[in-house]
Amino acid sequence: MPLTLSPSENAVKPRGPVVLAIMDGVGIGPEDDSNMVSAAYTPHLNWLKENAPNTSLRAHGPAVGMPADDDMGNSEVGHNAIGAGRVFAQGAKLVNIAVEDGSIYEGDTWRACVDRVKKNNGKLHFMGLLSDGNVHTHIRHLESMLKQAHAESVPTARVHALLDGRDVDPVSAERYVERIETLMGDLNNDGADYCIASGGGRLYITMDRYEADWPMVDRGWHCHVHGRGRPFPSAQEAIDALRADDPGVLDQDLKEFVITRDGEPVGKIEDGDAVILFNFRGDRAMEISKTFDAGPEFDKFDRGQVPDVLFAGMMQYDAEEKIPRNFLVIPPKIDNPMGEYLADAGLTQLAISETQKYGHVTYFFNGNRSGKFNQDLEEYVEIQGDNVSFDQRPWMKSAEITDVVLDSMRNRKHDMIRINYPNGDMVGHTGDLQAVKISVEATDLAIGRLMKEARKCGAILVITADHGNADEMYDHTKDGAIKIRKDGSPQSKTSHTLNPVPVYFYDPDGKHNIRISDREGLGISSLAASIFKLLGYQPPEDYDPSIIEVG
Numbered sequence: 101m102p103l104t105l106s107p108s109e110n111a112v113k114p115r116g117p118v119v120l121a122i123m124d125g126v127g128i129g130p131e132d133d134s135n136m137v138s139a140a141y142t143p144h145l146n147w148l149k150e151n152a153p154n155t156s157l158r159a160h161g162p163a164v165g166m167p168a169d170d171d172m173g174n175s176e177v178g179h180n181a182i183g184a185g186r187v188f189a190q191g192a193k194l195v196n197i198a199v200e201d202g203s204i205y206e207g208d209t210w211r212a213c214v215d216r217v218k219k220n221n222g223k224l225h226f227m228g229l230l231s232d233g234n235v236h237t238h239i240r241h242l243e244s245m246l247k248q249a250h251a252e253s254v255p256t257a258r259v260h261a262l263l264d265g266r267d268v269d270p271v272s273a274e275r276y277v278e279r280i281e282t283l284m285g286d287l288n289n290d291g292a293d294y295c296i297a298s299g300g301g302r303l304y305i306t307m308d309r310y311e312a313d314w315p316m317v318d319r320g321w322h323c324h325v326h327g328r329g330r331p332f333p334s335a336q337e338a339i340d341a342l343r344a345d346d347p348g349v350l351d352q353d354l355k356e357f358v359i360t361r362d363g364e365p366v367g368k369i370e371d372g373d374a375v376i377l378f379n380f381r382g383d384r385a386m387e388i389s390k391t392f393d394a395g396p397e398f399d400k401f402d403r404g405q406v407p408d409v410l411f412a413g414m415m416q417y418d419a420e421e422k423i424p425r426n427f428l429v430i431p432p433k434i435d436n437p438m439g440e441y442l443a444d445a446g447l448t449q450l451a452i453s454e455t456q457k458y459g460h461v462t463y464f465f466n467g468n469r470s471g472k473f474n475q476d477l478e479e480y481v482e483i484q485g486d487n488v489s490f491d492q493r494p495w496m497k498s499a500e501i502t503d504v505v506l507d508s509m510r511n512r513k514h515d516m517i518r519i520n521y522p523n524g525d526m527v528g529h530t531g532d533l534q535a536v537k538i539s540v541e542a543t544d545l546a547i548g549r550l551m552k553e554a555r556k557c558g559a560i561l562v563i564t565a566d567h568g569n570a571d572e573m574y575d576h577t578k579d580g581a582i583k584i585r586k587d588g589s590p591q592s593k594t595s596h597t598l599n600p601v602p603v604y605f606y607d608p609d610g611k612h613n614i615r616i617s618d619r620e621g622l623g624i625s626s627l628a629a630s631i632f633k634l635l636g637y638q639p640p641e642d643y644d645p646s647i648i649e650v651g
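Residues in the sequence shown are numbered consecutively from 101, following our numbering.
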């Protein structure tokens, strides 16, 4: 049944489109040397702060469906919240509940995995990001599954450890390796054979997204499945050697390694085994899931001998495409997102970003739904990203994205436009301060171009962010001081932040009389209701309250 929007009383529709520009990773950080947003030259954002209606929004923890206030936001849950206009319990929270109440182990998929390996005398493999960042995974979920497997007398388990250094400290892999090996050592004392089998940095193997770099998945597949990689007797020795080979390398970029015994890989994935991908976030889990689930039609790379295994994800990452076929925890069901309301109201929409964030303004924004709501009314544009380290191209594709948007604005092609500028987030994860500063400046330059055209065509700009990153590039103590390493240098931070994000409303025609609501504690989920108001519609009753009053 089509969704219905009611026109607002005395609605004033803009001459041009309403443009939502999401500056990925550009939060409101501390006013110190860690903040590359405030350090950057941003004349347009500065002007908006002084002259346009603006406020700050919550973008982490329960405000975006994460379990607790100390859980950082991320682009997936951020775009879910913005697009849905409401907050839904997200993967981290849903998996926490399933692990804590034991329901994850009562489901058909867990039972099938355990039964398969016990029947075939096979191995139970756990593959995923080994950290407590709680963006893609949490190590305690893996610990719980290992303990449960042992309690159910699974004799052999292998961990294929993807090293983080992105959602956690950039050089911290040994902390998580030691933690999981200590647990497995305790289980092995009781007759089990559990160990790490392979690993490598998350940006070098396995965890590609949006099909930007299939060779990354190729390397991961052959490492995990066929045991191809530099051999080491332990994961810690592998990490030490790889760091010695490339001083300054971050965990996320470490090359693949394989653990061996008596000259043979300990954890090849073979016929009769079961594999659980314990990432709960979908974007960087899709491609490896497709690689396991696909039949002979798979053509992205030569998989070699494909073992007969039962593969399962922590969640189903794409319900429409059924990726993967088997999963442990039911994902969030997000209904009636903003894009569907607009399509049913007959409004035209443009969604645009470059490769790294294209899925965020489409799939995640639409409530984890692939495809369009109305083929005739919606246009999705992916600008192909550069396949290089983002600190080498901190401007990324901000200019090319803006070129397309300006053409739409000039020619009145769309009623509502949504943009993701990835710079602050993707470059922020590299830890390169000069590059991060430039990334913010490139975003500001793009915003300035949008403002100039908005004055001509009568568009309204809503400029915001999905979470912080570039705003806090050093770790801080609890009292707010920058953490200092033993060598006297600041401790780098490459993860997202817990900081609020800005929102600016730019209405050059001034006909809407935009005023910031006096409601306190609003989050980015309230952006949707605000956009409905700017388009001349009453927000749906179940949406989170608007940030603004108009008229």
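The beta carbon of each residue, even a glycine, is placed where N, CA and C say it ideally should be.
These numbers were taken from a predicted model, which means no experiment stands behind them.
Among the options, which residue has its Cα nearest to the Cα of residue i?
| i | options | result |
| --- | --- | --- |
| H514 | G446, G524, A542 | G446 |
| I614 | I369, G651, D644, L627 | G651 |
| D383 | T237, D607, K113 | T237 |
| H326 | H260, R279, V349, G285 | H260 |
| T306 | T502, A249, G207, L262 | L262 |
| S470 | A443, E421, S156, E252 | E421 |
| H250 | N288, G265, N234, D444 | N288 |
| I376 | D399, R510, T142, A412 | A412 |
| G623 | I648, P640, D607, D609 | I648 |
| V126 | N520, E356, M551 | N520 |
| M123 | E243, S175, R211 | S175 |
| R328 | A152, D575, Q405, S203 | Q405 |
Cβ of residue i within 8 Å of Cβ of residue j?
| i | j | result |
| --- | --- | --- |
| S108 | K611 | no |
| P407 | Q456 | no |
| H241 | V199 | yes |
| G580 | P130 | yes |
| G439 | F473 | yes |
| D169 | P162 | yes |
| S106 | Q638 | yes |
| S389 | P432 | no |
| Y480 | A451 | yes |
| G568 | T597 | yes |
| V540 | A159 | no |
| Y304 | D346 | no |
| Y467 | G183 | The sequence given here places Gly at residue 467; Tyr does not occur at that position. Yes; because the gap between Cβ atoms is below 8 Å, this pair is in contact. |
| V137 | D642 | no |
| F226 | F332 | no |
| I538 | S134 | no |
| P600 | S156 | yes |
| V409 | I369 | yes |
| V358 | R403 | no |
Output needed for residue i: all residues of its chain with C-beta closer than 7 Å, excluding positions within five of it in sequence on either side, in chain order.
| i | result |
| --- | --- |
| I547 | A121, H144, L145, I563 |
| E274 | Q336, I339 |
| A111 | G636 |
| L103 | N436, E440, Y441, D444 |
| D491 | V527, T530, D532, A535 |
| A192 | M166, P167, D171, N234, H238, F380 |
| D351 | L263, D264, G265, P270, V271, S272, A273, G301 |
From the DSSP output, which residues share a beta bridge with residue i?
| i | result |
| --- | --- |
| Q638 | S106 |
| T391 | According to DSSP, T391 bridges with nothing at all. |
| V481 | I452 |
| A261 | G228, G299 |
| L377 | M227, G413 |
| M136 | Paired residues: none, contrary to the question. |
| A121 | I519, I563 |
| R158 | G623 |
| D293 | T256 |
What residues in its chain sit with their C-beta under 8 Å from that of residue i, if we drop five residues either side in the sequence?
| i | result |
| --- | --- |
| V217 | K223, L224, V254, T256, G372, D373, A374 |
| N154 | L148, P602, V603, Y604, F605, I616 |
Take the Cβ of residue i as the centre, count every other Cβ of all protein chains shown within 10 Å, and call the residue buried at 16 or more, exposed below.
| i | result |
| --- | --- |
| Q534 | exposed |
| R518 | buried |
| N221 | exposed |
| D267 | buried |
| A181 | buried |
| S589 | exposed |
| R585 | exposed |
| R258 | buried |
| A297 | buried |
| T391 | buried |
| T543 | buried |
| E620 | exposed |
Residues in the same chain with beta-carbon distance under 6 Å from residue i, minus the five sequence neighbours each way, listed in chain order, please.
| i | result |
| --- | --- |
| I483 | E454, K497, E500, I501 |
| V119 | I517, A559, L561 |
Check whether the Cβ of residue i lies closer than 8 Å to any Cβ atom in chain B.
| i | result |
| --- | --- |
| P494 | Of the chains in the structure shown, none is chain B; there is only one protein chain. |
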